[in-house]
Amino acid sequence: MIVGEQKPIAEIKAMVAPYNKVLILGCGTCVKTCFAGGEDEAAVLTSALRLAFKKDGKNIEIETQTIERQCEDGFIKESAAAVSRNEAVLSLACGAGVQDMARRFPVTPVLPGVNTTFIGVLEKQGLFTEECLGCGHCELAVFGGVCPVTRCSKKLLNGPCGGSRDGKCEISPDTDCAWQLIIARLTALGQMDNLRTYIPPKDWRTSHAGGPRKLVREDHII
Amino acid sequence: MNTPFKPKITLFHCINALSDKDALNEMGSDTLELKVVKLPCSAMVKDIFLLRAFETGADGVAVMVCPEGTCRYVEGNIRAQKRVAWVKKLLDEIGVGGDRLALHNIPHGDIAEAVRIINQTVEQLIESGPNPAF
Numbered sequence: 227m228i229v230g231e232q233k234p235i236a237e238i239k240a241m242v243a244p245y246n247k248v249l250i251l252g253c254g255t256c257v258k259t260c261f262a263g264g265e266d267e268a269a270v271l272t273s274a275l276r277l278a279f280k281k282d283g284k285n286i287e288i289e290t291q292t293i294e295r296q297c298e299d300g301f302i303k304e305s306a307a308a309v310s311r312n313e314a315v316l317s318l319a320c321g322a323g324v325q326d327m328a329r330r331f332p333v334t335p336v337l338p339g340v341n342t343t344f345i346g347v348l349e350k351q352g353l354f355t356e357e358c359l360g361c362g363h364c365e366l367a368v369f370g371g372v373c374p375v376t377r378c379s380k381k382l383l384n385g386p387c388g389g390s391r392d393g394k395c396e397i398s399p400d401t402d403c404a405w406q407l408i409i410a411r412l413t414a415l416g417q418m419d420n421l422r423t424y425i426p427p428k429d430w431r432t433s434h435a436g437g438p439r440k441l442v443r444e445d446h447i448i
Numbered sequence: 047m048n049t050p051f052k053p054k055i056t057l058f059h060c061i062n063a064l065s066d067k068d069a070l071n072e073m074g075s076d077t078l079e080l081k082v083v084k085l086p087c088s089a090m091v092k093d094i095f096l097l098r099a100f101e102t103g104a105d106g107v108a109v110m111v112c113p114e115g116t117c118r119y120v121e122g123n124i125r126a127q128k129r130v131a132w133v134k135k136l137l138d139e140i141g142v143g144g145d146r147l148a149l150h151n152i153p154h155g156d157i158a159e160a161v162r163i164i165n166q167t168v169e170q171l172i173e174s175g176p177n178p179a180f
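Top to bottom, those sequences are chains P and W. Positions in the first sequence are counted from 1; adding 226 to them yields our numbering. Positions in the second sequence are counted from 1; adding 46 to them yields our numbering.
So, in structure tokens, the structure goes:
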């Protein structure tokens, strides 16, 4: 899922301050799971902003709605009536959601309430870890399901560096050495021979280095 | 002559910490306005409930939970403690003041201690003044 973090309240307050009517729009999928922008977070932010503006003697009308996803037209349509009642939208979606909202409502300012952080997993309650860079060419089969492109600090593809100590990366004792994990996993799978194959330097053209990417599925286009 | 400030306090409490709330309801109507919200477990204290209390005019909010290690549902009071800490930080950020919100561990059924804490909260709020959003 996309992992994000709600922006500091002072930054959000400054963004919405020029408007008199604001819609806080939550997103009920990824950012809900990471407690950044779901229904609960939208309600808390609404209440906090109302208090903050009231304290400053400024009367801003804040409406709140949460839709299932802000990155799909079908769901975005559900917010149209609320958007039309307000001067601006504070979107609690990831950057993709904010941009899709902006595309669908071309004359309404759509402001980001969340810093989109990474593609990751919920490792345990309250802990989210980055697992995928979206490089566009997945080689997890070779590495036993552990991605060195994302999880090795140096993105090494042919074995660990000399900075691995007791299973941890030299950048931080809190960071697992991806290569330690890869070797442990391949050993458990009996696939250590995978590492005999030389992996050439990564072709980053499939990643963001090739410019904004598109995925076209002709079979779904009518 | 100015009317003396009569703090509005919202109290959220776990029913396992305080089952007899009548004693609290009868507390000094001359010195404070007390709203009591009882919860089946303090884990039910959501961030939004605490903020809404301030949004609807509370000058202070108290959350009374079971002592650590005695929660009937194991970790309810720990969850409440973390939520209260989170909302205190938020209240500081928006300038309402995190010190207007406090969590207290109450030995089961200790009404005298609960009354003492409410009275102490009244004193603190008289010093801090009314909710700055009102």
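Virtual Cβ for every residue (Gly too), placed ideally from N, Cα, C. In this text the structure is predicted, and so the values were computed from the model without any measurement.
Closer than 9 Å at the beta carbon, the chain W residues around residue i
{"i": "Ile235/P", "result": "Leu136, Glu139, Ile140"}
Other residues of its chain near residue i: CB distance less than 6 Å, five sequence neighbours each side excluded
{"i": "Ser433/P", "result": "Cys361, Gly362"}
{"i": "Arg125/W", "result": "Ala89"}
{"i": "Leu359/P", "result": "Val375, Thr376"}
{"i": "His150/W", "result": "Met110, Ile163"}
{"i": "Lys134/W", "result": "Gly144, Leu147"}
Short CB-CB distance (under 9 Å) between residue i and chain W
{"i": "Ala278/P", "result": "yes"}
{"i": "Ala404/P", "result": "no"}
{"i": "Asp429/P", "result": "no"}
{"i": "Lys394/P", "result": "no"}
{"i": "Lys258/P", "result": "no"}
{"i": "Lys239/P", "result": "yes"}
{"i": "Asp266/P", "result": "yes"}
Cross-chain neighbours of residue i in chain W, by beta carbon under 7 Å
{"i": "Ala274/P", "result": "Leu97, Leu136, Ile140"}
{"i": "Ala269/P", "result": "Ile94"}
Proximal residues of chain P, C-beta to C-beta of residue i below 7 Å
{"i": "Ala179/W", "result": "Leu277, Lys280, Lys281"}
{"i": "Glu101/W", "result": "Ser273, Arg276, Leu277"}
Cβ distance (whole Å) where residue i is taken to contact residue j below 8 Å
{"i": "Glu357/P", "j": "Thr342/P", "result": "Glu357/P to Thr342/P, Cβ: 15 Å. No contact."}
{"i": "Thr292/P", "j": "Gly254/P", "result": "5 Å"}
{"i": "Leu70/W", "j": "Val82/W", "result": "6 Å"}
{"i": "Thr290/P", "j": "Thr272/P", "result": "5 Å"}
{"i": "Tyr245/P", "j": "Ala314/P", "result": "4 Å"}
Chain-ordered neighbours of residue i on chain W, where CB pairs are closer than 8 Å
{"i": "Asp299/P", "result": "Near Asp299/P there are no residues of chain W at all, since even the closest Cβ is about 30 Å away, more than 8 Å."}
Same chain, Cβ closer than 8 Å to residue i, five either side skipped, listed in chain order
{"i": "Met418/P", "result": "Ile409, Leu412"}
{"i": "Glu101/W", "result": "Ala179"}
{"i": "Thr167/W", "result": "Pro53, Ile55, Gly106, Ala108, Ala148"}
{"i": "Ile397/P", "result": "Ser379, Gly389"}
{"i": "Glu121/W", "result": "Ala89"}
Close-in-space but distant-in-sequence residues of the same chain around residue i (CB under 7 Å, 5 per side omitted)
{"i": "Lys394/P", "result": "Thr401, Asp402, Cys403"}
{"i": "Gly263/P", "result": "Gly230, Gln232, Gly252, Cys253, Val257, Leu318, Ala319, Gly339, Val340"}
task = Scan the stretch 270-334 of chain P and note each continuous alpha helix (DSSP H) run of 4 residues or more that stays entirely inside, going in chain order.
result = 299-302, 306-310, 321-330
task = Scan the stretch 120-169 of chain W and note each continuous alpha helix (DSSP H) run of 4 residues or more that stays entirely inside, going in chain order.
result = 122-139
ask   = Taking only runs of the beta strand (DSSP E) that begin and end inside the stretch 348-404 of chain P, which ones reach a length of at least 3 residues, in chain order?
value = 353-358, 398-402
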